[in-house]
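Okay, structure first, notes after.
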Amino acid sequence: MATTKIPMTVPSPRVDADQLFKAFKGRGCDTSVIINILAHRNATQRALIEQEYETKFSDDLRKRLQSELHGHLKKAVLLWMPEAVERDASILKRSLRGAVTDHKAVAEIICTRSGSQLRQIKQVYYNTFGVKLEEDIESEASGNHKRVLLAYLNTTRYEGPEIDNASVENDARTLKSAVARKHKADDQTLIQIFTDRSRTHLVAVRSTYRSMYGKELGKAIRDETRGNFEHVLLTILQCAENSCFYFAKALRKSMKGLGTDDTALIRVLVTRAEVDMQFIITEYRKRYKKTLYNAVHSDTTGHYRTFLLSLLGPNV
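Counting from -11, one number per residue, gives the positions in the sequence shown under our numbering.
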């Protein structure tokens, strides 16, 4: 469930565009007006506002936001403006070809999206940047980590609820042997099972593995793999069982300790606000005994805080 609060009566795109134009006039801009409009419109409404703004004022709304806003607020609002597939493609491009490669962000986008979403992302990526997503992954990732990403990106997985118990038990036994890493072929076995099987199947394998061997499959992966390869396998496994907990944990990590990982905080809040943020909020409170609203409030300030809290909705 989404947490974005849309007014019962939404102004027309022309009215919103007029209000935004007025907010930009003069020295500085009226940031509160920008937040009050854009944080409370869904993706379709935001796209219509952009079209109206360009038609009426012969100006690009995103470029105007780029020039008028600053800091983390600018990053958050600009990431919020596109529809989901375009946004995911842009996150992947920055994560792969930015000043610093963000492998965790790449794994988060690729391994938490459905097969149909990934096909759309690949098409938008190519149309926008003139290069295939796979080519950038080939360039920026390496080893087993690269093999997992490419396999997950290009494998057509069954996404329904049915499982075959015999196949589940066989995979559990195969993984038990593979995580022992006695042969070079074991890595490819791990990659094949984690990228080829449905999420429902992987959840069943995890449970069966625990019953058969008295050990968590996740712990076995952590014990026997390392680095980005370990992270991407665990991302697939965690999201198969409970993707909302995965995102709640990602938000917790972004705000834990000294300083805030604003890039990760913005990415998760913005990409999930119109998808399943209500469930993520529930997971966050259950796991960490604190509301996500209060956590974000204590780690952010000013208009940046106001914008993110607007996406979260009421403090629950």
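Heads up, the beta-carbon is just placed ideally off N, CA and C, and yes, glycines get one too.
I think residue i touches residue j, with their Cβ atoms under 8 Å apart; what is that distance to the nearest whole Å?
i	j	result
Arg145	Asp175	Actually they are not in contact, since the Cβ atoms of Arg145 and Asp175 sit about 20 Å apart, beyond 8 Å.
Glu122	Leu106	Not really, about 11 Å apart at Cβ, beyond 8 Å.
Thr(-8)	Ala261	5 Å
Gln54	Leu67	Rounded, the Cβ-Cβ distance is 12 Å, inconsistent with contact.
Glu40	Ala(-10)	The pair is not a contact, with the Cβ atoms about 23 Å apart (cut-off 8 Å).
Ala238	Glu96	7 Å
Asn24	Ile(-6)	12 Å between Cβ atoms; not a contact.
Taking DSSP as the reference, what is the three-state secondary structure of residue i?
i	result
Ser130	coil
Arg185	coil
Leu137	helix
His219	helix
Ile109	helix
Met200	helix
His91	helix
Arg29	coil
Glu212	helix
Asn153	helix
Met265	helix
Tyr276	helix
Ile(-6)	coil
Asn99	Looking at the sequence shown, residue 99 is not Asn but Cys. DSSP places Cys99 in helix when its eight states are reduced to three.
Asp48	coil
His58	coil
Val256	helix
Asp18	coil
Gly206	helix
Leu305	Absent from the structure is residue 305, since the part of the chain shown begins at -11 and ends at 304.
Pro1	helix
Arg145	coil
Kindly indicate if chain B contains any beta-carbon less than 8 Å away from that of residue i.
i	result
Ile179	No chain B appears in this structure, which consists of one protein chain only.
Compare the Cα-Cα distances from residue i to each of the options and report the closest residue.
i	options	result
Pro(-1)	Arg194, Arg15, Gln33	Gln33
Thr188	Gln226, Cys17, Thr213, Gly215	Gln226
Gly75	Tyr113, Leu300, Ala95	What sits at residue 75 in the sequence shown is Arg, not Gly. Among Tyr113, Leu300, Ala95, the Cα nearest to that of Arg75 is on Tyr113.
Ala252	Val119, Glu128, Ser242	Ser242
Ile332	Ser199, Asp264, Asn158, Lys203	The chain is shown only over -11 to 304; residue 332 falls outside these bounds and no answer can be derived.
Tyr292	Met265, Leu26, His60	His60
Gly301	His28, Val21, Pro149, Ile97	His28
Ser102	Glu71, Arg135, Tyr140	Tyr140
Leu57	Arg15, Lys244, His91, Glu96	Arg15
Leu26	Ile125, Tyr276, Val3, Asp47	Val3
Phe295	Pro(-5), Gln39, Val21, Val220	Val21
Arg210	Val193, Ile(-6), Ala168	Ala168
Pro1	Glu38, Ala(-10), Thr(-9)	Glu38
Asn230	Lys244, Tyr41, Arg275, Phe117	Arg275
Glu147	Leu190, Ile(-6), Lys207	Leu190
Arg273	Val304, Val263, Thr289	Val304
Asp152	Ser186, Val136, Val119	Ser186
Quick one: residues in its chain with C-beta nearer than 6 Å to the C-beta of residue i, no 5 flanking neighbours on either side, listed in chain order?
i	result
Leu178	Ala166
Phe267	Cys232
Lys51	none
Ala160	Val193, Thr196, Tyr197, Met200
Ser78	none
Asn216	His91, His133
Given residue i, which residues of its chain have a CB within under 7 Å of its CB, disregarding the five upstream and five downstream residues?
i	result
Thr143	Thr183, Asp184
Cys99	Tyr140, Val220, Thr223, Ile224, Cys227
Quick one: what's got a C-beta closer than 8 Å to residue i's C-beta in the same chain, skipping five residues either side?
i	result
Thr270	Cys232
Arg198	Glu204, Leu205
Val73	Gln105, Gln108, Ile109, Val112
Val36	Here residue 36 turns out to be Leu, not Val, going by the sequence shown. The residues are Pro1.
Check your understanding: Using 8 Å as the threshold, is the segment 264 to 284 in touch with the segment 1 to 10, meaning 3 or more CB pairs across them?
Key -> no
Check your understanding: So does the segment 283 to 294 actually touch the segment 239 to 258, counting three or more Cβ pairs closer than 8 Å?
Key -> yes
Review point. Should the segment 76 to 89 be called in touch with the segment 125 to 134, which here means at least 3 C-beta pairs below 8 Å?
Key: yes
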